[in-house]
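Top line first, the protein sequences correspond to chains A and B. Going by numbering that gives the first Met the number 0, the first sequence opens with residue 0, and the numbers climb by one from there. Going by numbering that gives the first Met the number 0, the second sequence opens with residue 0, and the numbers climb by one from there. Encoded as structure tokens, the structure appears first; notes follow it.
Protein chains: 2
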Amino acid sequence: MSGSKRSLRELLRVPTGGRALDLGAIQPRATPGLPSAEVVGHEPKTWARARVAAIGAELGRQQEMLFASAKVDPGRGRRLLLVLQAMDAGGKDGTIRRVAGTMNPLGLHVRSFGRPTEEERGHHFLWRIRRALPAPGYVGVFNRSHYEDVLVPRVESLVPERTWRARYDEINEFEAELAEGGVTLLKVFLHISYEEQLERLLRRLDDPRKHWKYEPADVDTRARWADYQAAYAEALTRCGTSRSPWFVVPANRKWYRDWAVANLLRETFEGLGLSYPGPTFDVERERRRLVAQRPGQLRPGGAPKLS
Amino acid sequence: MSGSKRSLRELLRVPTGGRALDLGAIQPRATPGLPSAEVVGHEPKTWARARVAAIGAELGRQQEMLFASAKVDPGRGRRLLLVLQAMDAGGKDGTIRRVAGTMNPLGLHVRSFGRPTEEERGHHFLWRIRRALPAPGYVGVFNRSHYEDVLVPRVESLVPERTWRARYDEINEFEAELAEGGVTLLKVFLHISYEEQLERLLRRLDDPRKHWKYEPADVDTRARWADYQAAYAEALTRCGTSRSPWFVVPANRKWYRDWAVANLLRETFEGLGLSYPGPTFDVERERRRLVAQRPGQLRPGGAPKLS
């Protein structure tokens with residue numbers, strides 16, 4: 000946690016130097032960057048919850064500065080967009096609830112992307128994404144994203160290889176365009192193990208309050224685990240740029256996942272160098288106008304009933 | 000808080016029997032429905048914060064049942080829409096942060112309506128409202144709403160009286176249509192006093208972190224306080240129906256305001272009689288499919304690298 004330690008952005012970043020990512024080499028139970036046991040204590044879960052709450056307060060402050068800056072200077076278009084990808088039961092929903100949930104819903108813009116609708120299938124794959132972008136000043140969260148279009152169609156052979164393969168370049172161009180438009184992307188892959196997914200899916204079956212989250216089709220997707228991991232590895236390598244890298248968060252331990260994503264958000268905010276904008280009016284003049292106003296001087300509607 | 004006490008919905012509801020609402024008779028510092036001092040103790044603020052957190056946990060559960068129900072049965076269209084109206088500095092933003100912020104952002108849909116854009120002015124006043132409705136399963140929050148269109152244009156004489164007056168019926172028809180479509184409205188007016196508004200606006204001037212929230216035009220609006228109160232009183236009377244009543248929350252005390260809105264939300268949710276939907280699949284069969292799956296039996300992509 001000290002300044003001398005490496006940031007989570009450094010520790011979790013997917014290298015962009017052309018070397019292919021080996022997801023199998025990243026332990027889903029690992030906890031990179033976690034402070035020493037002396038700091039964390041015997042109950043890492045409790046420690047992490049408290050840290051996420053504290054970081055959340057800072058995220059709320061940063062979010063407000065972003066919102067305020069955009070109100071005063073909308074043309075700059077500055078906004079932050081967290082893109083979450085994971086295998087089924089990988090923890091996207093929980094991350095949104097626990098981490099994005101620390102921010103002010105007024106300035107949050109959460110969108111979930113499921114199987115494309117008939118209308119969406121009639122358009123370019125980025126069409127629905129463009130329509131769902133957060134407005135300037137907002138923090139956006141994408142629960143799945145345009146990356147689904149280099150995963151599912153590839154593994155399920157829904158389109159020819161040349162089609163999904165061309166999408167890497169299309170995505171890179173699209174994201175460069177977003178950056179030009181003021182959008183700072185934070186792309187996070189929540190990395191769980193094959194065994195952890197089984198446990199989580201079985202838990203959904205065990206708990207009637209979680210049945211609605213269970214999809215029989217998830218079992219078929221699970222049967223292609225290795226293919227999906229390979230598709231992820233390639234997407235995360237080909238679509239990570241120095242401006243918009245990918246981050247892999249080991250996500251078997253939910254408390255670490257939340258702590259890591261909260262830190263990635265904080266570090267990304269800090270990189271924006273935000274501040275509260277100065278006044279766009281004469282503060283003293285406004286104070287005089289307000290104080291001078293008296294009920295007796297009100298316009299024709301008459302004096303208000305004071306209460 | 001006990002079952003024998005009157006609900007907040009009963010206590011704060013604007014009568015729909017034709018009698019015009021007298022906003023001046025409602026004390027903005029009042030705390031209707033608050034339990035006795037024995038229960039609340041000497042620090043009502045602390046007590047209310049804790050209660051809002053507890054009610055928030057229940058709101059999160061209700062929100063999840065709504066989301067789950069809509070996933071299983073989207074045709075029913077069920078959703079909840081909180082409409083917040085208030086004078087400037089009335090506490091809309093704070094209510095959203097503190098009350099809506101207890102829910103899962105994944106199932107929240109917050110929209111703020113400012114001065115209409117040029118595009119919006121080219122359409123019927125309900126056009127931008129219809130486009131901003133929450134999808135089935137979501138909890139929507141409108142930070143200002145279509146009610147602005149029977150307030151500002153009336154007080155500022157932007158349209159002829161017959162135009163804004165006709166809007167009461169248009170709104171009632173629109174809201175009846177929403178109800179048919181599964182939308183449960185919760186319409187809340189946050190009621191602050193003329194003096195409280197002054198204090199809050201001055202506080203915005205005192206704090207450089209709040210300058211972005213200050214609008215010089217708010218002083219001009221404040222000069223027409225009585226006209227706006229009259230416009231509110233008429234709108235809340237004419238557009239309150241037994242199916243979709245208005246509620247007035249005394250809002251000078253922020254802790255009471257948050258507690259009251261949280262309770263109104265809870266009571267409204269309870270009126271929906273939500274429950275978790277049953278499984279749409281054979282639970283035992285799914286369990287067998289999952290457990291039977293072995294890495295060695297995976298499709299061509301090969302066995303996953305287990306980690």
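Ideal Cβ placement from N, Cα and C applies to all residues, glycine included.
{"Asked": "Grab me the residues of phenylalanine 124(A)'s own chain with a C-beta within less than 6 Å of its C-beta, minus the 5 sequence neighbours each way, in chain order.", "Found": "Asp148"}
{"Asked": "Identify the continuous alpha helix (DSSP H) that holds phenylalanine 268(A) and give its terminal residues.", "Found": "253-271"}
{"Asked": "Please report the straight-line C-alpha distance between threonine 279(A) and threonine 162(B), rounded to a whole angstrom.", "Found": "35 Å"}
{"Asked": "Would you call the segment 2-13 of chain A in contact with the segment 250-266 of chain A, where contact means no fewer than 3 C-beta pairs closer than 8 Å?", "Found": "yes"}
{"Asked": "Hey, is arginine 208(A)'s beta-carbon within less than 8 Å of any beta-carbon in chain B?", "Found": "yes"}
{"Asked": "Check each residue of the segment 62-74 of chain A: if its Cβ is closer than 7 Å to any Cβ of chain B, include it; give the result in chain order.", "Found": "Ala67, Lys70, Val71"}
{"Asked": "Could you name the residues of the segment 91-105 of chain B whose beta carbon sits closer than 8 Å to any beta carbon of chain A, in the order they occur along the chain?", "Found": "Asp92, Ile95, Arg96, Ala99, Gly100, Met102, Asn103, Pro104, Leu105"}
{"Asked": "Along the chain, where does the beta strand (DSSP E) containing lysine 186(A) start, and where does it finish?", "Found": "182-190"}
{"Asked": "Smallest Cα separation from leucine 80(A): which of Ala291(A), Phe268(A), Arg286(A), Trp254(A)?", "Found": "Phe268(A)"}
{"Asked": "How would you list, in chain order, the residues of chain B whose beta-carbon sits under 7 Å from the beta-carbon of arginine 202(A)?", "Found": "Residues of chain B passing the Cβ test: none, with the nearest at roughly 11 Å."}
{"Asked": "Can you name the residues of chain A whose CB is closer than 8 Å to the CB of serine 111(B)?", "Found": "Leu105"}
{"Asked": "Extract the residue ranges of the alpha helix (DSSP H) inside the segment 139-183 of chain A, only unbroken runs of 4 or more that lie entirely within it.", "Found": "151-154, 160-179"}
{"Asked": "Based on Cα-Cα distance, which residue from Ser68(B), Asp21(B), Pro27(B) lies nearest to tryptophan 211(A)?", "Found": "Ser68(B)"}
{"Asked": "Just the chain A side, please: which residues come within less than 7 Å of arginine 288(B) by C-beta, in chain order?", "Found": "Val218"}
{"Asked": "For the segment 72-91 of chain A against the segment 134-143 of chain A, do three or more pairs of beta-carbon atoms, one drawn from each stretch, fall closer than 8 Å, so that the two count as touching?", "Found": "yes"}
{"Asked": "Secondary structure at serine 111(A), three-state DSSP: helix, strand or coil?", "Found": "strand"}
{"Asked": "Do leucine 105(B) and isoleucine 54(A) have their C-beta atoms closer together than 8 Å?", "Found": "no"}
{"Asked": "Can you give me the start and stop residues for the beta strand (DSSP E) that proline 249(B) sits inside?", "Found": "245-249"}
{"Asked": "Can you tell which of Ala19(A), Ala99(A), Tyr137(A) has the C-alpha that lies nearest to the C-alpha of valine 182(A)?", "Found": "Tyr137(A)"}
{"Asked": "Can you give the beta carbon distance from leucine 273(B) to leucine 65(B), rounded, assuming they're within the 8 Å contact cut?", "Found": "6 Å"}
{"Asked": "If we require 3 or more residues per run, which beta strand (DSSP E) segments fall completely within the segment 1-60 of chain A?", "Found": "none"}
{"Asked": "What span of residues does the beta strand (DSSP E) with glutamine 84(B) cover, start to end?", "Found": "78-85"}
{"Asked": "Pick out whichever of Gly40(A), Val247(A), Asp217(A) has its Cα sitting closest to the Cα of leucine 204(A).", "Found": "Asp217(A)"}
{"Asked": "Taking DSSP as the reference, what is the three-state secondary structure of proline 73(A)?", "Found": "helix"}
{"Asked": "Please classify phenylalanine 124(B): does DSSP put it in a helix, a strand, or coil?", "Found": "coil"}
{"Asked": "Which residues in chain B sit within 7 Å of leucine 197(A), going by Cβ to Cβ distance?", "Found": "Leu289"}
{"Asked": "Going by other Cβ atoms of all chains shown within 10 Å of its Cβ, with 16 needed for buried, is arginine 252(B) buried or exposed?", "Found": "buried"}
{"Asked": "Between isoleucine 25(A) and proline 244(A), how many whole angstroms is the CB-CB distance? I'm expecting something under 8 Å.", "Found": "With 8 Å as the limit, isoleucine 25(A) and proline 244(A) do not qualify as a contact, their Cβ atoms being about 15 Å apart."}
{"Asked": "How is glutamate 117(A) classed by DSSP in three states: helix, strand or coil?", "Found": "helix"}
{"Asked": "So if I threshold CB-CB distances at 7 Å, which residues from the segment 226-250 of chain B count as touching chain A?", "Found": "Asp226, Gln228, Ala229"}
{"Asked": "Three-state secondary structure (DSSP) at glycine 300(A)?", "Found": "Unreliable positioning characterises glycine 300(A) in this predicted model, as indicated by a pLDDT of 48, which lies under 50. The coordinate reading is nonetheless provided below. DSSP places glycine 300(A) in coil when its eight states are reduced to three."}
{"Asked": "Along the alpha helix (DSSP H) that carries leucine 204(B), what are the first and last residues, could you check?", "Found": "193-205"}
{"Asked": "Identify whether serine 68(A) lies in helix, strand or coil by the three-state DSSP scheme.", "Found": "helix"}
{"Asked": "Going along the chain, which residues of the segment 162-181 of chain B sit with their C-beta nearer than 7 Å to a C-beta in chain A?", "Found": "none"}
{"Asked": "If leucine 33(B) and arginine 265(B) are in contact, beta carbons under 8 Å, what's the gap, nearest whole angstrom?", "Found": "Not really, about 15 Å apart at Cβ, beyond 8 Å."}
{"Asked": "Leaving out the 5 sequence neighbours to the left and right, which residues in its chain are closer than 6 Å to lysine 186(B) when beta-carbon positions are compared?", "Found": "Val82, Trp245"}
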